[in-house]
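**Q**
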Amino acid sequence: MTLSPPKFKTDQFFNLEDKWIQTAPKEITHYYDQGEGLPLLLLHGSGSGTSAAMTWWQNMPHLSQNYRAIAFDSIGYGETVTDADSSYGIKQWGDHTLRLMDALNIDKAWLMGSSLGGWIALQLALDHPERIYGVISIGTGGAKKIDKPKTAPTAKPKSTLSAALIKQDLQKNIRNDAVVCDTLVHLRHQAALKEQAGGLRPTLLAARDRDRVHFALDFEALAKLTLPVLLIHGVNDKVVPLSRSLELLNVMPSADAHFYSQAGHWPHIGKACEFNELVSSYIKHNS
Numbered sequence: 002m003t004l005s006p007p008k009f010k011t012d013q014f015f016n017l018e019d020k021w022i023q024t025a026p027k028e029i030t031h032y033y034d035q036g037e038g039l040p041l042l043l044l045h046g047s048g049s050g051t052s053a054a055m056t057w058w059q060n061m062p063h064l065s066q067n068y069r070a071i072a073f074d075s076i077g078y079g080e081t082v083t084d085a086d087s088s089y090g091i092k093q094w095g096d097h098t099l100r101l102m103d104a105l106n107i108d109k110a111w112l113m114g115s116s117l118g119g120w121i122a123l124q125l126a127l128d129h130p131e132r133i134y135g136v137i138s139i140g141t142g143g144a145k146k147i148d149k150p151k152t153a154p155t156a157k158p159k160s161t162l163s164a165a166l167i168k169q170d171l172q173k174n175i176r177n178d179a180v181v182c183d184t185l186v187h188l189r190h191q192a193a194l195k196e197q198a199g200g201l202r203p204t205l206l207a208a209r210d211r212d213r214v215h216f217a218l219d220f221e222a223l224a225k226l227t228l229p230v231l232l233i234h235g236v237n238d239k240v241v242p243l244s245r246s247l248e249l250l251n252v253m254p255s256a257d258a259h260f261y262s263q264a265g266h267w268p269h270i271g272k273a274c275e276f277n278e279l280v281s282s283y284i285k286h287n288s
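Just so we're aligned, residue 2 is where the sequence shown starts under my numbering, counting upward by one.
#1: Using 7 Å as the threshold, is the C-beta distance between GLY50 and ARG189 below it?
#2: Could you give the residue range of the beta strand (DSSP E) that holds GLU221?
#3: In the structure shown, what three-state DSSP assignment does ILE121 receive?
#4: Please identify the residue among LEU43, THR83, HIS266, THR204 whose C-alpha is closest to the C-alpha of ALA110.
#5: Give the straight-line distance between the Cα atoms of GLU275 and PHE260, rounded to the nearest whole angstrom.
#6: Three or more C-beta pairs under 8 Å: does that hold for the stretch 84 to 92 against the stretch 57 to 67?
#7: Determine, using beta carbons only, whether TYR33 and LEU17 come nearer to each other than 7 Å.
#8: In the structure shown, what three-state DSSP assignment does HIS259 receive?
#9: Reducing DSSP to helix, strand and coil, say where GLY36 ends up.
#10: Taking the Cβ atom as the reference point for each residue, do LEU201 and GLY77 lie within a distance shorter than 7 Å?
#11: Compare the Cα-Cα distances from HIS266 to each of GLY199, LYS173, ILE107, GLY114 and report the closest residue.
#12: To the nearest whole angstrom, what separates the beta carbons of VAL370 and GLY140, a pair I think is in contact under 8 Å?
#13: Kindly give me the distance between the Cβ atoms of GLY143 and LEU125, rounded to whole angstroms, as I take these residues to be in contact under 8 Å.
#14: Specify, as a first and last residue, the run of the beta strand (DSSP E) that MET113 falls within.
#15: What are the boundary residues of the alpha helix (DSSP H) that includes SER282?
#16: Excluding five sequence neighbours on each side, which residues of the same chain lie with their C-beta closer than 7 Å to the C-beta of SER288?
#17: With burial defined as no fewer than 16 other Cβ atoms inside 10 Å of the residue's Cβ, what is the status of ALA153: buried or exposed?
#18: Hey, quick one: how far does the beta strand (DSSP E) through SER65 stretch, first residue to last?
#19: By a C-beta neighbour count over all protein chains shown, 10 Å radius and 16 as the cutoff for buried, is ARG211 buried or exposed?
#20: Would you mind working out which of PRO229, ILE137, HIS187, ARG209 sits nearest ILE167, comparing C-alpha positions?
#21: Per the DSSP calculation, GLN191 is bridged to which residue(s)?
#22: On the DSSP letters alone, give me the boundaries of the beta strand (DSSP E) that TRP57 sits inside.
#23: Within 10 Å of its beta-carbon, does PRO268 have 16 or more other beta-carbons around it, so buried, or fewer, so exposed?
Laid out in structure tokens, this is it:
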């Protein structure tokens, strides 16, 4: 079976050039690749309508000045094309990341992940430390002690997933109204509707929640991790509480942390300028 990339062009709002690459016989990965130098792979989270562009458009231009910044849509998300019979979970998303690295001839890279993406990145650091320089984790869960999952706007039926609800969600997570413009709300809303129309979202959420119970991050293994790790968290994060990063910090001797006041679940968007400088400096001093 031969798959073809979809006829899709990222809106100029994001100012990113779409690329596709075959990463498996029945898999074509959609990604963005900017800059030169040490490879930095950017892993998005699991929110409704999420994608590489939706997550990293505020960071790619700056980070690509010093590094080879690669943001991609994980299997099941965005414009990445995969087999209809694919399975999903932390291991599968991690394996997809490694397949992309192999396809791009990248032996070793820095990983930066937002929310679920940070969990995937940390698990990859445990499973394949020889492929990872270090990890930057933003608002990451995946810890053994988990709160009862909350009903989020992303779980509501398509008919109630309004643009107004999407805007509220963006405002809560970004906490910078200057960034939450009408264009961003429209693009995120359309992406969320398209995602729900595809019918895959319940499967993705079920895989994530299953792994929270059965494949949570191993604290004993994290305590032995020697790779550099930077934990970043917004103090006002309403999705993953700050206590998650504090738990990880307490067990990881190799970890540093930076917490942003007046920031939500996505400090890399709401505090983009400060965030970009922090990440660039951290990688420089730990490479």
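Yeah, the Cβ is synthetic: ideal placement off N, Cα and C, and Gly gets one too.
**A** In short:
#1: To locate residue 50, count along the sequence shown from 1; it is residue 49. To locate residue 189, count along the sequence shown from 1; it is residue 188. It is a contact, given that the beta carbons lie within the stated cut-off.
#2: For the purposes of this step, residue 221 is taken as the residue at position 220 of the sequence shown. Run containing GLU221: none in the beta strand (DSSP E); it sits in the alpha helix (DSSP H), 220 to 224.
#3: Counting from 1 along the sequence shown, the entry for residue 121 is found at position 120. ILE121: helix per DSSP, three-state reduction.
#4: Stepping through the sequence shown from its first residue, residue 110 is reached at position 109. Among LEU43, THR83, HIS266, THR204, the Cα nearest to that of ALA110 is on LEU43.
#5: For this step, residue 275 is matched to residue 274 along the sequence shown. For this step, residue 260 is matched to residue 259 along the sequence shown. When rounded, the distance between both Cα atoms is 12 Å.
#6: no
#7: By one-based count along the sequence shown, residue 33 stands at place 32. By one-based count along the sequence shown, residue 17 stands at place 16. Closer than 7 Å, so yes.
#8: As a working note, residue 259 is residue 258 in the sequence shown. In this structure, HIS259 counts as strand in the three-state DSSP scheme.
#9: Working through the sequence shown from its first residue, we reach residue 36 at position 35. Residue state, collapsed to three classes: coil.
#10: Within the sequence shown, residue 201 is the residue found at index 200, counting from 1. Within the sequence shown, residue 77 is the residue found at index 76, counting from 1. Yes; because the gap between Cβ atoms is below 7 Å, this pair is in contact.
#11: To locate residue 266, count along the sequence shown from 1; it is residue 265. Out of GLY199, LYS173, ILE107, GLY114, LYS173 has the C-alpha closest to the C-alpha of HIS266.
#12: With the chain covering 2 to 288 only, the question about residue 370 has no answer from this structure.
#13: Mapped onto the sequence shown, residue 143 falls at position 142. Mapped onto the sequence shown, residue 125 falls at position 124. With a Cβ gap of about 12 Å, GLY143 and LEU125 do not count as contacting.
#14: Within the sequence shown, residue 113 is the residue found at index 112, counting from 1. Taken as a continuous stretch (DSSP letters only), the beta strand (DSSP E) holding MET113 covers 110 to 115.
#15: Residue mapping note: residue 282 aligns to position 281 of the sequence shown, counting from 1. Where SER282 is concerned, the enclosing alpha helix (DSSP H) stretches over 273 to 286.
#16: By one-based count along the sequence shown, residue 288 stands at place 287. Hits under 7 Å: LEU39, TYR134.
#17: Within the sequence shown, numbered from 1, the residue matching residue 153 stands at position 152. For ALA153, the predicted model reports a pLDDT of 43, less than 50, meaning its position is unreliable; a value from the coordinates is still stated below. Exposed, by the Cβ-count rule.
#18: Position 64 of the sequence shown, counted from the first residue, corresponds to residue 65. Premise fails: SER65 is in no beta strand (DSSP E) and is neither H nor E.
#19: Numbered from 1 along the sequence shown, position 210 holds the residue referred to as residue 211. Result: exposed.
#20: Taking the first residue of the sequence shown as 1, we reach residue 167 at position 166. Closest by alpha carbon: HIS187.
#21: Here the question's residue 191 lines up with position 190 in the sequence shown. None; GLN191 has no bridge partner.
#22: Indexing the sequence shown from 1 puts residue 57 at position 56. Looking at the DSSP string, TRP57 is not in any beta strand (DSSP E); the run it does join, the alpha helix (DSSP H), is 53 to 57.
#23: Position 267 of the sequence shown, counted from the first residue, corresponds to residue 268. Its Cβ being crowded by 16 or more others within 10 Å, PRO268 is buried.
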